[in-house]
Amino acid sequence: EAQVTQNPRYLITVTGKKLTVTCSQNMNHEYMSWYRQDPGLGLRQIYYSMNVEVTDKGDVPEGYKVSRKEKRNFPLILESPSPNQTSLYFCASSSWTQYGYTFGSGTRLTVV
Amino acid sequence: GNSVTQMEGPVTLSEEAFLTINCTYTATGYPSLFWYVQYPGEGLQLLLKATKADDKGSNKGFEATYRKETTSFHLEKGSVQVSDSAVYFCALIPTQGGSEKLVFGKGTKLTVNP
């Protein structure tokens, strides 16, 4: 089944403790992207990648890192999480962005 | 810049009622337009899309037509069901610069009562 898989689905962590949210897609898509969803602010892009080793900042990249060492994986790294990064995170991938993205099921992160 | 404006919710309808959720956009060139749906506790699913003017996207009884002259992409369904209760997002991908980024509207929550 074609899908984007994120892990974990839920995560509660403490301020400053490094964490990684994994994202993997099995569709051989070139484009991958991370979004966060917050009440009243909607969905905002954090980072995106156009292919292996090619990444760029989205609208809200501060406090996040990404890497794209393999085509299928696009992890999101929070080196020192803070409470304002408490949010619902989505990974998405696409073969041709004009046709839209396929989204993962989301990761609900709480930083206390 | 590129932006999407969709009608504020929440919208509450009775089963079998007609649904319209308005969406207008601002973008240069000819963006691709999308409707995504988010069911409770789930991720976003692509509902339908249109990539050029006058295209009509359709899926699961939902329709939307790409209107370049009014910069609109309104979502319609003739007879809603309880299972259509969800949050609906209008979105675009611009064709000029930053073409990898989906620009979303704020979302419209739809509740359908039996």
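Top to bottom, those sequences are chains A and B. Our numbering numbers the first residue of the first sequence as 1 and each following residue consecutively. Our numbering numbers the first residue of the second sequence as 1001 and each following residue consecutively. All C-beta atoms, glycine included, are put in the ideal place defined by N, C-alpha and C.
(request) Output, in chain order, the set of chain A residues within a Cβ distance shorter than 7 Å of residue 1101 (chain B). (result) What you label residue 1101 (chain B) is simply residue 101 of the second sequence in a count that begins at 1. Residues of chain A passing the Cβ test: 45, 48, 58.
(message) For residue 100 (chain A) and residue 93 (chain A), what's the separation of their Cα atoms in angstroms?
(response) Indexing the first sequence from 1 puts residue 100 (chain A) at position 100. Indexing the first sequence from 1 puts residue 93 (chain A) at position 93. A direct Cα-Cα distance of roughly 9 Å separates residue 100 (chain A) from residue 93 (chain A).
(request) State the Cα-Cα distance for the pair residue 1057 (chain B) and residue 1089 (chain B), rounded to the nearest angstrom. (result) Within the second sequence, the letter at position 57 stands for residue 1057 (chain B). Within the second sequence, the letter at position 89 stands for residue 1089 (chain B). Distance between the alpha carbons of residue 1057 (chain B) and residue 1089 (chain B) is about 15 Å.
(request) Could you tell me if residue 1081 (chain B) is buried or exposed, where buried requires 16 or more neighbouring beta carbons within 10 angstroms of its beta carbon? (result) The residue you call residue 1081 (chain B) lines up with position 81 of the second sequence. Classification for residue 1081 (chain B): exposed.
(request) Please confirm whether residue 73 (chain A) and residue 24 (chain A) have their CB atoms less than 8 Å apart. (result) Looking up residue 73 (chain A) in the first sequence gives position 73. Looking up residue 24 (chain A) in the first sequence gives position 24. A contact, by the Cβ cut-off of 8 Å.
(message) By alpha-carbon positions, which one of A:109, A:97, A:104 ends up nearest to residue 1050 (chain B)?
(response) Here residue 1050 (chain B) refers to the residue found at position 50 when the second sequence is read from its first residue. Measuring from the Cα of residue 1050 (chain B), the nearest candidate turns out to be A:97.
(request) Kindly list the residues whose CB is nearer than 6 Å to the CB of residue 71 (chain A), restricted to its own chain and excluding five residues on each side of it in sequence; keep chain order. (result) Within the first sequence, the letter at position 71 stands for residue 71 (chain A). Within the same chain, residue 71 (chain A) has close Cβ partners 52.
(request) Leaving out five residues on either side along the sequence, give the residues of the same chain with a beta carbon under 6 Å from the beta carbon of residue 1032 (chain B). (result) The residue you call residue 1032 (chain B) lines up with position 32 of the second sequence. The answer, listed in chain order, is 1051, 1093.
(message) Checking 8 Å against the spacing of the C-beta atoms, do residue 1037 (chain B) and residue 1105 (chain B) come in under that value?
(response) On the second sequence, position 37 is the one that residue 1037 (chain B) refers to. On the second sequence, position 105 is the one that residue 1105 (chain B) refers to. Taking 8 Å as the Cβ cut-off, residue 1037 (chain B) and residue 1105 (chain B) do not qualify as a contacting pair.
(request) Look at the Cβ atom of residue 1043 (chain B), then the Cβ atom of residue 104 (chain A), and state whether they are nearer than 8 Å. (result) Taking the second sequence and counting its residues from 1, one reaches residue 1043 (chain B) at position 43. Taking the first sequence and counting its residues from 1, one reaches residue 104 (chain A) at position 104. Yes.
(request) For residue 49 (chain A), count neighbouring Cβ atoms within 10 angstroms of its own Cβ and tell me buried if that reaches 16, exposed if not. (result) Position 49 of the first sequence, counted from the first residue, corresponds to residue 49 (chain A). The residue in question, residue 49 (chain A), is buried, as its Cβ has 16 or more Cβ neighbours within 10 Å.
(message) Give me the chain A residues within the contact set of residue 1044 (chain B), using Cβ-Cβ distance strictly less than 7 Å, ordered along the chain.
(response) Here residue 1044 (chain B) corresponds to residue number 44 of the second sequence, with the count starting at 1. Within 7 Å Cβ-Cβ: 90, 103.
(request) Return the residue from the list A:106, A:110, A:112, A:111 that minimises the CA-CA distance to residue 9 (chain A). (result) Walking along the first sequence from the start, residue 9 (chain A) turns up at place 9. If we check each option's Cα against that of residue 9 (chain A), A:106 comes out closest.
(request) Could you pull the start and end residues of the beta strand (DSSP E) that residue 96 (chain A) belongs to? (result) Working through the first sequence from its first residue, we reach residue 96 (chain A) at position 96. Segment: none, residue 96 (chain A) is in no beta strand (DSSP E) and carries neither H nor E.
(request) On a CA-only basis, which of A:22, A:63, A:67, A:82 is nearest residue 13 (chain A)? Give me that one, please. (result) The sequence position of residue 13 (chain A) within the first sequence is 13, counting from 1. It is A:82 whose Cα lies nearest to the Cα of residue 13 (chain A).
(message) Can you pull out the residues from the segment 54-84 of chain A whose beta carbon lies closer than 9 Å to at least one beta carbon of chain B?
(response) 56, 58, 59
(request) On a CA-only basis, which of A:102, A:21, A:78 is nearest residue 2 (chain A)? Give me that one, please. (result) The residue labelled residue 2 (chain A) in the question sits at position 2 within the first sequence. Of A:102, A:21, A:78, the residue nearest in Cα terms is A:102.
(request) List the residues that DSSP assigns as beta-bridge partners of residue 32 (chain A). (result) Taking the first residue of the first sequence as 1, we reach residue 32 (chain A) at position 32. Residue 32 (chain A) pairs with A:49, A:93.
(message) Counting only C-beta atoms, is residue 1026 (chain B) closer than 8 Å to chain A at any point?
(response) The residue labelled residue 1026 (chain B) in the question sits at position 26 within the second sequence. Residue 1026 (chain B) does not count as touching chain A.
(message) Checking the sheet assignment: what are the DSSP bridge partners for residue 1059 (chain B)?
(response) For the purposes of this step, residue 1059 (chain B) is identified with residue 59 of the second sequence, where counting begins at 1. Its beta-bridge partners are B:1062.
(message) Give me the chain A residues within the contact set of residue 1104 (chain B), using Cβ-Cβ distance strictly less than 7 Å, ordered along the chain.
(response) Residue numbering aside, residue 1104 (chain B) sits at position 104 when the second sequence is read from its first letter. In chain order: 42, 43.
(message) Helix, strand or coil, according to DSSP, for residue 1113 (chain B) in the structure here?
(response) In the second sequence, residue 1113 (chain B) corresponds to position 113, counting from 1. In the structure shown, residue 1113 (chain B) sits in a strand (DSSP, three-state: E or B).
(request) Put residue 1083 (chain B) into one of helix, strand or coil per three-state DSSP. (result) In the second sequence, the residue the question calls residue 1083 (chain B) occupies position 83. The answer is helix: DSSP assigns residue 1083 (chain B) an H, G or I state.
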